[in-house]
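To start, the structure under review is shown below, and the notes come after it.
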Amino acid sequence: MKETSQEKEPVRKLSDVAEIRYLHRGNTEIFLKNGFPGARIQCRQEDGSETVEEHNRIWLHRAFPFDLLKEYISVQNKDQEEIGLIRELADFDEDAQGILCGALEHKYYTPKIAKIVSLKEAHGYSFWQVESDAGKLQFTLQDTFRSLLRVGEDKVFVFDNYGNRYVIESLKALDRRSLRRIELYL
Amino acid sequence: MTEMEQIPSGVYEAAAKRGITKENALLAVYADRNREGVNCDNWIFVTKDTFTMIGGIQRIIPKGHAGRLERSRLEVKFGQLSFDEYTLETLKDFRVEQQISGCILTAFDTGKEAYVLLTHLSCYKMEEMIQFCACLNEYKEKGTFDPPKERENDRYCPKCGRLYPDRSRKLCPACMNRMSVVRRMGTFIVKYKWQVIVILAAMALTTLLGVLTPYISSGFFFDEVLTEGGNFYGQVGLVIFLIVSTRLLALLINMINEVLTARIVPKITYDLKNVIFHSIERLSISFFSKRQTGSLMNQVFWDADSIYWFFVEGFPYLIINIIQTIAVAAIMFIIDWQLALVALVFCPVFIVAIVQLYKHMRKLYARRYSRSRRMNGMLADALGGVRVVKAFSKESTEIHRFEQRNAAFAQASQNVSLYNGTVFPLVTFLFSISSILVLGIGGWRVAGDGMTYGLLLTFLSYTTLLYNPMSFFVDINYRISENMNAMFRLMEIMDAEPEVREAEDAVTLAQLQGRVTFENVEFGYDKTRKIIDDVSFDITPGKKIGIVGHTGAGKSTIANLIIRLYDADRGRVLIDGVDVRCLSFETLRKNIAIVSQETYLFQGTILDNIRYAAPNATMEEVIAASKASGAHDFIIKLPDGYSTKIGWGHKDLSGGERQRVSIARAILMAPKILIMDEATSAMDTKTERLIQTALEKLSQGRTTIMIAHRLSTLRDADTLMVIENGKVSEAGTHTELLEKEGIYHKLYTLQYEALKNAGIQE
Chain A
1 MKETSQEKEP VRKLSDVAEI RYLHRGNTEI FLKNGFPGAR IQCRQEDGSE
51 TVEEHNRIWL HRAFPFDLLK EYISVQNKDQ EEIGLIRELA DFDEDAQGIL
101 CGALEHKYYT PKIAKIVSLK EAHGYSFWQV ESDAGKLQFT LQDTFRSLLR
151 VGEDKVFVFD NYGNRYVIES LKALDRRSLR RIELYL
Chain B
187 MTEMEQIPSG VYEAAAKRGI TKENALLAVY ADRNREGVNC DNWIFVTKDT
237 FTMIGGIQRI IPKGHAGRLE RSRLEVKFGQ LSFDEYTLET LKDFRVEQQI
287 SGCILTAFDT GKEAYVLLTH LSCYKMEEMI QFCACLNEYK EKGTFDPPKE
337 RENDRYCPKC GRLYPDRSRK LCPACMNRMS VVRRMGTFIV KYKWQVIVIL
387 AAMALTTLLG VLTPYISSGF FFDEVLTEGG NFYGQVGLVI FLIVSTRLLA
437 LLINMINEVL TARIVPKITY DLKNVIFHSI ERLSISFFSK RQTGSLMNQV
487 FWDADSIYWF FVEGFPYLII NIIQTIAVAA IMFIIDWQLA LVALVFCPVF
537 IVAIVQLYKH MRKLYARRYS RSRRMNGMLA DALGGVRVVK AFSKESTEIH
587 RFEQRNAAFA QASQNVSLYN GTVFPLVTFL FSISSILVLG IGGWRVAGDG
637 MTYGLLLTFL SYTTLLYNPM SFFVDINYRI SENMNAMFRL MEIMDAEPEV
687 REAEDAVTLA QLQGRVTFEN VEFGYDKTRK IIDDVSFDIT PGKKIGIVGH
737 TGAGKSTIAN LIIRLYDADR GRVLIDGVDV RCLSFETLRK NIAIVSQETY
787 LFQGTILDNI RYAAPNATME EVIAASKASG AHDFIIKLPD GYSTKIGWGH
837 KDLSGGERQR VSIARAILMA PKILIMDEAT SAMDTKTERL IQTALEKLSQ
887 GRTTIMIAHR LSTLRDADTL MVIENGKVSE AGTHTELLEK EGIYHKLYTL
937 QYEALKNAGI QE
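Protein chains in written order, with the working numbering: chain A, 1 to 186; chain B, 187 to 948.
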């Protein structure tokens, strides 16, 4: 048998192999500019010198949008290239957290459905009238079965035919009539 | 965008207070969310100097006293909540960015030297806002703009105010008239109208006989033949003859009906399937990327059957059942109106009861269906991925997963069976109540005031005839709406406009030179993200061009634009100086061949696959093409050579082999322009080299565009273009680009080093 990698060098942890730049209060300053978050990141070069990378605007993207809302947030530039990863928002001070939370809320803004007022089907489309935290809404789904995404036992995302999303935070909390209207599609 | 005339008066008044009038407003648009992302009525106005957003809530209030809500009596009041004004001069580069659920409108503020967030909007308003941005940017640049041709209102159903689900078709599924769908679909069977008429006539006759039979076998038999003093007393033979002959007649008619139906059913479904498939095939590639192949297949097969059922069985039976019910009821009233009332009185209760029962039953069936879908999906997943399951020894997890789904399905099936077991006897019982009523009251009448026994028996048979079609009536409504969905889906496909269309006066060029030119081309698969951004280049006929770049840089998109799978959003793609949009599909398809990463081989022999685009090619040409593409060597080793069948259950080819067959297919066409999009990615470097050399000889006088990851593939190209973020960032020969020490140099060094480390020297 040929020599194995173990003999050559000690086993390295996965996190050592994959270079992930985690951003936190120690290396990154988050600021708000014209309603958008920006970042100033300190980078250590190979020769040991430090440079500062300034991004006037950063884009945030949740890595696990259904499970972890405040953890593992990818920070991207305008070309959707990852600049770094935030392990959790608590790695930043409160002001920065506020800015990041605000930006995430803006990006992931999804009306929460509180009540399904009516749900009618015609010709393969379903027409919804709901009450949500954003007021009364009306939208259309094409192929209702495929347009509902159940996350976990209790949460349902609704995707309309134009790409808008709505969410039913808890099926259990829904009133009986509303639940009966969507039960079949779940 | 909204025209000033269409702005609600309340909003208009609020705008007027801020100095915005019909005269000075250049553009107006409606966003349905405000800057905070909350739903509201947010109006944006642009004048020569200002960019204004007025946010508020529109309330529709009935004028005067509350009564019937008529349009003329409604007044729209606008309660203003917010107001933002910007100097137009400081803003530029307006753009719409897509968010997770909705979009934002941003612009570059020259004063602040940064992009500013102007407002949020939902995806419903995205298209309008993109148009608005385009107009505004054009205005900022040139001082004028072309207003879009489509009016905003054209996107909404005038009846219910909903957005049309598909913007290219002004059709609202919620408001569509059922009859118009039926009429349109009816054109399919017009061809067979005589057969259909005969079938209908046969059905009508069968019904008539069905109505007559009870009278002959009960009323007539007991009262006229068996009763003393009857007109035909004692002539039992006559009755038997009558019964036998009506039965024989019914049998004959039924047979004619069945034979005719059996003849035309396959024809109509054949026609329908052809129409559906034809409609699907003519659509542009973008249609397919939006839909799953599986659901399209479903459409072709099930919808055709469903539509056929409606016209040949459902609809005619409905009419016949209606006529039969009316006729039976009428006869019953003529015979004895009091007893008829007794029989009918229970009818509404019966109908209401079965409507409810069926409703619940459909729910149970739907649940069983959805659970079986989940179970089958899981099964397909686990069996398809059996290698992975085994490799990670996850058998027990999969078994558990299956058990869960299977249990859920079993439970749903059990519910259906239980329900069927209890409900159908209940329906029969409900039905028997009316018979018992008729029997009871009729019995007294027979015993008392001279109603004949035969008449009572006839009456009882008619009661059965009356109640029999009730279940049909209840169920038909549901089935018809299912069929309507099928028809609607078909109409949707038939009406869908291919996005890429051949121009009416398209030019057909017999012989192409092979010049390919891009003039400021812009393109994106979705409207908010440009994949190709202002790309211009010119390829001289007969040259070999290499396109290099990162994954997702837009290389393959360039190829897609040349062969016109998509049309450019802006700018022009020219072939031999002619816009591709003006060239006939024939010219494009005959002269340009593409071999892409995803090789698809159709079921059939290797020979069929190679000759797909050139069916008349000789065997010698096929072998030559295969030789050049490096396919010949492996094909000839197969037991069946070129006649080897590819596809399920037959010999399967490896990725590299498939690619070689695809290249042979393209070469055989002898195109003027050959595009190789990662066509040799699955081959080893040696095979690739061999094919390259062969192609080199072949490419004399042909334009070759090579797209590759592996830079060594492209070293000999006359020109190399480096694409980055949708733009051509560098161009030149291999040596020139290396000397330039730019992106290409970086990519090349990286790959070279990687190969060297792996011990591969090129």
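Note that CB positions come from ideal geometry on N, CA and C, so glycine has one too.
Following the DSSP letters along the chain, one finds His920 of chain B inside the alpha helix (DSSP H) bounded by residues His920 to Lys926. For Ile585 of chain B, the closest alpha carbon among the candidates B:Asn601, B:Met564, B:Gln600 and B:Arg573 is that of B:Met564. Residues are counted here when their Cβ sits less than 7 Å from a Cβ of chain B; for the stretch 51-81 of chain A these are Asn56, Arg57 and Asp79, given in chain order.
For a Cβ distance threshold of 7 Å, nothing in chain B lies close to Phe31 of chain A: the least Cβ distance comes to about 11 Å. A residue is called buried when at least 16 other Cβ atoms come within 10 angstroms of its Cβ; Ala448 of chain B does not meet this threshold and is exposed. The DSSP-derived three-state label of Thr638 of chain B is coil. Under the Cβ distance rule, Ala114 of chain A does not count among the residues neighbouring chain B, no pair being separated by less than 8 Å. Straight across, the Cα-Cα distance linking Ala577 of chain B with Ala568 of chain B is about 13 Å. For a cut-off of 8 Å, the C-beta gap from Pro727 of chain B to Gly700 of chain B is around 4 Å, short enough to register as a contact.
For Pro452 of chain B, the secondary structure class from DSSP, reduced to helix, strand or coil, is helix. Excluding five sequence positions before and after Leu900 of chain B, the CB atoms of its chain that fall closer than 7 Å to its own CB belong to Gly732, Val734, Met892, Ala894 and Leu906, given in chain order. Shown in chain order are the members of the stretch 148-182 of chain A whose Cβ falls below 7 Å from a Cβ of chain B: Asn161, Tyr162, Gly163, Asn164 and Arg165. Secondary structure note for Met892 of chain B: its beta strand (DSSP E) is the uninterrupted segment Thr889 to Ile893. Straight-line spacing of the CA atoms in His123 of chain A and Cys768 of chain B works out to 37 Å. Under the Cβ distance rule, Lys356 of chain B does not count among the residues neighbouring chain A, no pair being separated by less than 8 Å. Counted as a single uninterrupted DSSP element, the alpha helix (DSSP H) harbouring Asn746 of chain B occupies residues Lys741 to Ile748. Pairing Phe92 of chain A with Asn228 of chain B, the inter-Cα distance amounts to about 35 Å. Beta-bridge pairing by DSSP links His586 of chain B to no other residue. Under the 8 Å criterion on CB atoms, Gln42 of chain A is classed as non-interfacial with respect to chain B.
Nearest C-alpha to Tyr22 of chain A among A:Lys172, A:Ser126, A:Arg44 and A:Phe31: A:Arg44.
Sequence-ordered contacts of the stretch 207-241 of chain B with chain A read Arg219, Arg221, Glu222, Gly223, Val224, Asn225 and Cys226 [C-beta pairs closer than 9 Å]. If you look at Leu137 of chain A, you'll find it in the beta strand (DSSP E) that goes Gly135 to Gln142. Minimum Cα-Cα distance from Ile619 of chain B among the listed residues B:Arg797, B:Thr649 and B:Leu876 corresponds to B:Thr649. Pairing Tyr310 of chain B with Tyr503 of chain B, the inter-Cα distance amounts to about 43 Å. Judged by DSSP in its simplified three-state form, Phe788 of chain B adopts coil rather than helix or strand. Lys580 of chain B: not part of any alpha helix (DSSP H); DSSP gives it neither H nor E. Using a Cβ-Cβ cut-off of 8 Å, Cys319 of chain B does not count as an interface residue toward chain A, since no Cβ of chain A sits closer than that to its own. Interface criterion met: the Cβ of His306 of chain B is under 8 Å from a Cβ in chain A. In the DSSP secondary-structure assignment, Gln244 of chain B is bridged to B:Phe264. The stretch 658-668 of chain B makes no contact with the stretch 680-692 of chain B: fewer than 3 CB pairs, one atom from each, lie closer than 8 Å. For Gln138 of chain A, the neighbours in chain B by C-beta distance under 9 Å run, in chain order, Gly347 and Arg348. Using beta-carbon distances, Leu14 of chain A does not count as an interface residue toward chain B, since no partner is under 8 Å. Within 9 Å of the CB of Ala360 of chain B, the CB atoms of chain A belong to Lys120, Ala122, His123, Tyr125, Phe127 and Thr140, in sequence order along the chain. Across the structure, Ile792 of chain B and Val151 of chain A are spaced so that their CA atoms are roughly 46 Å apart. The Cβ atoms of Val702 of chain B and Ile859 of chain B lie closer than 8 Å to each other. Here the C-alpha atom of Glu29 of chain A lies approximately 49 Å from the C-alpha atom of Val781 of chain B.
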